[in-house]
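Residue numbers (my numbering): 13 to 864.
Below is one structure; the comments refer to it alone.
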């Protein structure tokens, strides 16, 4: 088949060269996926798509790369190891990531008495067969028994250099969590990865700019399977991204699954958009999913969410007089944590109330040089606040959390040149009321007791398919692992949670093989996933389970996994129940219960616990917002006791009735529907661990949630290097602005006239209500003058308040005043371009079509 695949690929390449002679081919995929990577001008994509033998063309983009002695205990690993003695021996974990410090002691050669699965001779044999995507020297690719294959896939000219790169530090930390050897730190702490005796293959896929090369990542997945990896970890991806059409990553993961390889992928660090880009979550739009791009319906990939580590950890605090105010750390894209004391010397600092952190708020605050900005959490994301603070000269930022906490425990920001830390709402009120607005920063860290919880940053929410993701949680918050120069550091993120689960997967595979579990290929991989999800521990908040859209099945629990004799699955064979949408007040679904043991098991209790989104009234925004979860009352015929004979498989139909009165009340707030989600639980067996699986449904029609909202969304018009949205002609708009400018104080006017292109839009504090109405940005009408003067030449797209919905690639139509279609953009096209200059003056309708 490989030869046939390559023949077809070469034929397609020759057809492309007939109209694009400069074609340069990158990787050729033939093991898991039939295709090749190349660079093409965007305007040729449709032409290539139409060629014979071309099923699809997928645009690949570079992807931003986003303490173990305590963390291991949370998954039950110590008890698991005491019982099984399994620590990854004979298992191979492939890490596909940015870089690896292969000289670190955590990656030193394994002891001679440790069994290994892949030898130097094995690697040389696979390389010599010519089936790998990289032609490498086995003597250089093989480093040791611990590291049998370490190759840079992002640099075709130097597959060995660039692997060790402390400027792109990420993969070293990740690899240490999954499979790092036992290592004693400088302070005497003993660390190790979960699968400390496993072998580690490393595939470098980072570009010189620090991004993940998607083409190289796809090639690495293929080669990891060819090299006989058991588990693959990918701590990278794009948040809030849908693949519409063919997804090569999904195909590659499915092929890996058929080989029995389990792929773990981080869920992302974008929460549901609230912290990451300031989304206002409201009942009218429950479609707020930010889950990573590789979570697709039916894909066997394990999408991993993050839970916080527990125990005592070092933190930071400031002093307001004699009162100690504890700070929430800032977290960057790589999961590194920052406090004000990291950038500011010990001493006293004046702080200034900068209200909501807008540029106008900072302007009013006056000179901030050497001062700390105190900002109230409102709508702006932290990255925007820190950018405004830096421009105003502030030395740092303290963000006051909202009055009704929603679980935020980190402040996520991509701007690391200025630190932003968080404080509680009560501490913030005390700082605002203080007569002496001075803080003291000390160099002494504090110790805080942390309780494990679902991490606030972990990406969550469903995609358009309504498939329940993530699958499971690993410990990703405050994880201590390998760093450069034989050191260690603590980092947070789903990037840390995914290798945690990958390590757990490896040691569980080892134990199941040791038991002689007679399964192979996708059957074995599916069994491992089901076992891990059935025995995971779902977390609770305020007496309710945290939504499974955040945590999946819950935190991986190895000690429960070895004690479970029964597994529960939904109708698709997965350890979850997808009910999709259009649920009524009453619904039913099938379950399958299988006893894999040689003894009968009786669960005394069977139950279903449901929740939906919680709400509260935001007095500042004067609207209802969603946050957390609330109990969804229901009755069910799924009750205990439930008995399964040895080896028995039992099909069960579960019926559920929701509380009709509660549903009607919810429909008043959630006018397009609400989630019905939760957990199905079996407990109380004397000879088997408790098990549970998550479930998700939608009470309403998912497709009826509006994609756009005429009251808040608007058309964006090109204006120089930026865009604007105003429903007036450029001349009328200019006259209105001139009228408003006459009222702007002289000390503020420079913001508008210094660079009129970039500062065209500004706060309307000095506009009358009538002027504000005329200039309202939520306008679904616009004026353009396509004369190539860089002012209002083109429509550039739509502005969606609060993020809008994720939809398929849209097409655009242009209609004249009589409704005739003058331009029809191809559905699914990469870009929709319309030549406005050829049109006569008049009124036209710009119609955007999207679908889910």
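Glycine included, C-beta positions come from ideal geometry on N, C-alpha and C.
Of all alpha-carbon atoms in 116, 551, 333, 747, the one lying nearest the alpha-carbon of residue 320 is that of 551.
Approximately 7 Å separates the beta-carbon atoms of residue 351 and residue 431; this is inside 8 Å, confirming the contact.
Residue pairing of residue 667 in beta bridges, as defined by DSSP: 600. Boundaries of the beta strand (DSSP E) harbouring residue 492: 491-495, taken from the DSSP string. DSSP lists no bridge partner for residue 221. Here residue 745 is buried, its C-beta having at least 16 other C-beta atoms within 10 Å. Counting along the chain, no beta strand (DSSP E) covers residue 534; the unbroken alpha helix (DSSP H) around it starts and ends at 533-546.
Cβ neighbours of residue 215 within its own chain (closer than 6 Å, five residues either side excluded): 108, 165, 232. Here residue 649 is near residue 667, since their CB atoms are less than 7 Å apart. For residue 245 and residue 277, the gap between their C-alpha atoms comes out near 6 Å.
Taking 4 residues as the minimum length, the alpha helix (DSSP H) runs contained wholly in the stretch 131-169 are 132-140, 150-153, in order along the chain. In this structure, residue 262 lies near residue 308, with their beta-carbon atoms less than 7 Å apart. Distance between residue 54 and residue 29, taken at the CA atoms: about 15 Å. Scanning 558, 834, 106 for the CA closest to the CA of residue 234 turns up 106. Buried is the label assigned to residue 434, since at least 16 other Cβ atoms lie within 10 Å of its Cβ.
Proximity to residue 183 across 562, 119, 393, 124 peaks at 119, based on C-alpha coordinates. Nearest to residue 854 by C-alpha distance, out of 861, 833, 829, 863, is 829. A direct Cα-to-Cα measurement between residue 223 and residue 346 gives close to 12 Å. Of 740, 129, 779, the smallest CA-CA separation from residue 757 is found for 779. By the Cβ neighbour-count rule, residue 397 is buried, with 16 or more other Cβ atoms within 10 Å of its own. Annotated three-state conformation of residue 300 is coil, per DSSP.
Assigned with DSSP and collapsed to three states, residue 646 falls in strand.
Per the DSSP secondary-structure output, residue 860 pairs in a beta bridge with 824.
In this structure, 484 is the residue among 484, 132, 155, 187 with its C-alpha nearest to the C-alpha of residue 559. Going by C-alpha positions, residue 475 is about 35 Å away from residue 530.
Annotation: residue 170 to residue 247 spans about 23 Å, alpha carbon to alpha carbon. Sixteen is the threshold: when 16 or more other Cβ atoms of the shown chains lie within 10 Å of the Cβ of residue 482, as they do, the residue is buried. Comparing alpha carbon positions, the residue from 532, 862, 622 closest to residue 555 is 622.
DSSP places residue 629 inside the beta strand (DSSP E), whose first and last residues are 617-630. Residue range 335-338 is occupied by the beta strand (DSSP E) that includes residue 335.
By the neighbour-count criterion, in which a residue is buried when 16 or more other Cβ atoms sit within 10 angstroms of its Cβ, residue 590 is buried. Within the model, the alpha-carbon separation for residue 121 versus residue 400 is close to 49 Å. Under the three-state reduction of DSSP output, residue 505 falls in the coil class, being neither helix nor strand. Minimum Cα-Cα distance from residue 155 among the listed residues 407, 750, 629, 113 corresponds to 113. With a cutoff of 7 Å on beta-carbon distance, residue 641 and residue 684 are scored as not near each other. Of the candidates 161, 748, 111, 455, the residue whose Cα lies closest to the Cα of residue 186 is 111.
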